[in-house]
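Visitor: Right, I'll just put the structure down here and ask away after.
Below, the structure written as structure tokens:
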């Protein structure tokens, strides 16, 4: 297994459990304990883990939260944001949706749309939209993340690069005060960047909780996004969006 992939998997396990053990990881990946210790030390040097005796833990305030918890967080707000976004997606158009509970909420709101072509690396999005029989669904295959049904890796990128779509709908783990979209998994970020690149217009869907969180990997800047759909946007970012020409759609929550 490639070191970069192994380290991304270690981070995913740490995100889910809060702690990883050298012995358990060595057995899981079929490598020596020395190899795992080196991986953990390199991740610690990058600030992604804190080394402890026998393993590593997530740094305080830097960890992602579990999928089930993310799905339940601000559920009503996400639904309202999704309705706003879906209203801007015309029938007979092509759409790219990435990994995340906010994009899954948009998929629910697209069930009434007609003749959409949807490309996604999110198995949950594909399953939701399977109920829309006028919707053509293309799943960008890749390495399955068991924690949330996401697909990442080079194969995912190769599929996305075959398309040029009308709209991209993306989520993010955090948005900082500079207007940078941030996430935890470099492989997921690479896919999100490709989705932005292969779309004529890009929409960000995010609830207010993302403006108080942090993550280590940059996806893009809000200046590269055509519109943001949210329930509440900090005033400073609202002003910056005005300067950048990024449209703001706010539910007023």
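In UniProt numbering, the protein residues as written are 1 to 253. C-beta atoms are modelled at their ideal positions from N, C-alpha and C, and glycine is treated no differently.
#1: For residue 21 and residue 146, I'd like the C-alpha separation in whole angstroms.
#2: Given a threshold of 16 other Cβ atoms within 10 Å of its Cβ, counted over all protein chains shown, does residue 101 qualify as buried or as exposed?
#3: Suppose the cutoff is 6 angstroms on Cβ atoms and the five residues either side in sequence are ignored; what does the same chain contact list for residue 156 look like?
#4: Do residue 109 and residue 231 have their beta-carbon atoms positioned less than 8 angstroms apart in this structure?
#5: Could you check whether residue 186 and residue 165 sit closer than 8 angstroms to each other, using their CB atoms as the reference points?
#6: Distance, Cα to Cα, residue 85 vs residue 75?
#7: DSSP beta-bridge partners for residue 150?
#8: By Cβ distance, which residues of its chain are closer than 8 angstroms to residue 12, with the 5 residues on each side in sequence left out?
#9: Answer with buried or exposed for residue 9, where buried requires no fewer than 16 other C-beta atoms within 10 angstroms of its C-beta.
#10: Residue 119 and residue 160: beta carbons closer than 8 angstroms?
#11: What does a CB cutoff of less than 8 angstroms around residue 130 pick up in its chain, not counting 5 residues either side in sequence?
#12: Can you give me the start and stop residues for the beta strand (DSSP E) that residue 137 sits inside?
#13: Taking C-alpha atoms, which residue in 168, 132, 124, 172 lies nearest to residue 149?
#14: Just list the residues that DSSP pairs residue 57 with in beta bridges.
#15: Can you give me the start and stop residues for the alpha helix (DSSP H) that residue 78 sits inside?
#16: Counting along the chain, where does the beta strand (DSSP E) carrying residue 230 start and finish?
#17: Taking the alpha carbon of residue 6 as the reference point, which residue from 35, 19, 207 has its own alpha carbon closest?
#18: State the Cα-Cα distance for the pair residue 162 and residue 54, rounded to the nearest angstrom.
#19: Please name the residue, chosen from 59, 45, 169, that lies closest to residue 201 on a Cα-to-Cα basis.
#20: Quick one: residues in its chain with C-beta nearer than 7 angstroms to the C-beta of residue 50, no 5 flanking neighbours on either side, listed in chain order?
#21: Checking 8 angstroms against the spacing of the C-beta atoms, do residue 103 and residue 205 come in under that value?
#22: Quick one: residues in its chain with C-beta nearer than 8 angstroms to the C-beta of residue 237, no 5 flanking neighbours on either side, listed in chain order?
#23: Starting from residue 165, trace the beta strand (DSSP E) in both directions and tell me its first and last residue.
#24: How is the beta strand (DSSP E) around residue 202 delimited, first residue to last?
#25: Could you compute how far the alpha carbon of residue 294 sits from the alpha carbon of residue 153?
#26: Helix, strand or coil: which one does DSSP assign to residue 108?
Guide: Looking at the coordinates:
#1: 19 angstroms
#2: buried
#3: 121, 140, 142, 191
#4: no
#5: no
#6: 15 angstroms
#7: 122, 145
#8: 145, 147, 185
#9: buried
#10: yes
#11: 137
#12: 136-139
#13: 124
#14: 19, 50
#15: 75-86
#16: 227-230
#17: 35
#18: 44 angstroms
#19: 169
#20: 44, 56, 57, 59
#21: yes
#22: 175, 177, 179, 211, 222
#23: 165-170
#24: 199-205
#25: Outside the modelled stretch of the chain, which goes from 1 to 253, sits residue 294, for which no answer is possible.
#26: helix
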